[in-house]
Structure formats: C-alpha cells, structure tokens
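In this note's numbering, the protein residues as written are 222 to 331. Note that CB positions come from ideal geometry on N, CA and C, so glycine has one too. Only a predicted model underlies this, so the values are computations on that prediction, with no experimental measurement involved. What follows is a single structure, written as structure tokens, with notes after it.
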C-alpha cells in the first residue's frame, strides 16, 4: 500500500468516525453545538483535515484550524481554499497567545 493510499484510507476512516454514534468524534460536534450562539468564533486545535470545521462552519462567523501535520493541512487547504471565514494555521506551538495575539475565540475544540 502506498503512502497516499494509506492517507486516503485513514481519512475515510476518520469521516466514518464522525458518523458512528459510539465514537468520540461523533460526540464532539454535539458538545460544541451545545455551547454555540450566533456570531461566535471557533478555534479547533489538532484540526486534521477539517472534519469538525466542515460540520460547524454554518454555525460560526469565523473558524480557525491549527495542526502540525502537513498532509492533513494539505487536504484542509484544498477543502476550504475559497471559504473566507475559515483560516488555517500550521503550528505545533503550545503557546497560543503567540499565534493569536489579537484574536478572540468563543469556543475551542481539541
């Protein structure tokens, strides 16, 4: 199996987790939704290829995804390249204040 095939298979598996009620990934959007009101900003740390961002984008004004994995971010960039309210930050920084000095987030996800 090639590396690209493995990544594609991993991505499909992750998508399946968001549809599986016994999975933590399935519960994550429900938890976020329980804290959302109109006009909020979302910060998704460890965003991967943006599954949570995809599910939550209609509910937020601005969404930021942060991840350090280049392959996941490549998929993320391709998925959301024309969406002005979705932003990507490639970083493994643990000090978020250095990444988002003036940004304000109403909701965060790990």
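Item, Value
"Kindly provide the ranges of any beta strand (DSSP E) runs that are 3 or more residues long and lie completely inside the region 279-317, ordered along the chain.", "283-288, 307-311"
"Considering residue 263, what are the terminal residues of the beta strand (DSSP E) in which it resides?", "262-266"
"What does the Cβ neighbour count give for residue 304, buried or exposed, with the cut at 16 atoms within 10 Å?", "exposed"
"For residue 296, collect the residues of the same chain with a Cβ closer than 6 Å to its Cβ; drop the 5 residues on either side in sequence, then sort them by chain order.", "270"
"Could you tell me the distance, in whole angstroms, from the CA atom of residue 258 to the CA atom of residue 280?", "8 Å"
"Is it right to say residue 272 is buried, meaning 16 or more other beta carbons lie within 10 angstroms of its own, or is it exposed?", "buried"
"Who pairs with residue 330 in a beta bridge, going by DSSP?", "265"
"Out of 247, 252, 261, state which residue places its alpha-carbon closest to the alpha-carbon of residue 283.", "261"
"Should residue 245 go down as buried or exposed, given a rule of 16 or more other Cβ atoms within 10 Å for buried?", "exposed"
"Does DSSP put residue 322 in a helix, a strand or coil?", "coil"
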